Amino acid sequence: MKSSIIKIVGFAAVLGMFGSPALAEGDAEAGAKVFKKCKACHSMEEGKKKVGPSLFGVIGRAAGAVEGYKYSKAMLASGLTWNDEKLAEYLTKPRALVPKTKMSFAGLKKEDDVANVIAYLKANGG
């Protein structure tokens, strides 16, 4: 009986390790280079909007919450809060997460680039 419980607990631990993908730790310095793809439309400066909203303070912020920026109806209705996982999903395929978003960027193809951009956002007021 005791060995059965140990096996079940061990199996549950293994499932926990593989049940959800872990987001790799990123490199903020490498993320700065990848962020150059974002700079044409986004600023890291608080309150500075471009074609897209400022990404200052984006981590933990509700989608569509930058005052004075005109978001798509889809983004406003998304109900998203930007955390590492949602940012990773959005940065990979924006239109898959928020169909009809105004963002025309197709997405980052490399997992490392996504993790690095998120690290860059965090290190720079994101």
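The sequence shown begins at 21 in the working numbering and counts up one residue at a time.
Heads up, the beta-carbon is just placed ideally off N, CA and C, and yes, glycines get one too.
All values derive from a computational prediction rather than experimental measurement.
Rounded to whole angstroms, the separation of the alpha carbons of Lys68 and Ile79 is 17 angstroms. In the DSSP assignment, Thr101 is bridged to Ala82. The residue from Gly46, Leu117, Val86, Phe76 with its alpha-carbon nearest to that of Lys59 is Phe76. An exposed status is given to Thr101, since fewer than 16 other beta-carbon atoms sit within 10 Å of its beta-carbon. The alpha-carbon of Phe55 is positioned some 16 angstroms away from that of Glu45. With fewer than 16 other Cβ atoms inside 10 Å of its own Cβ, Pro119 counts as exposed.
Taken through DSSP and simplified to helix, strand or coil, Ala94 comes out as helix. Restricting attention to Lys57, Ile138, Arg81, Ala52, the CA atom closest to the CA of Ala108 is found in Ile138.
By the criterion of a C-beta distance shorter than 6 angstroms, Gly72 is surrounded in its chain by Cys61, His62, once the five residues flanking it on both sides are discounted.
Take Gly127, set aside five residues on each side of it, and the residues of its chain with a beta-carbon closer than 7 angstroms to its own are Leu111, Thr112, Lys113, Pro114, in chain order. One thing to note: Glu66 has its Cβ within 8 angstroms of the Cβ of Gly145. A straight-line Cα-Cα distance of about 26 angstroms links Ala143 and Lys122.
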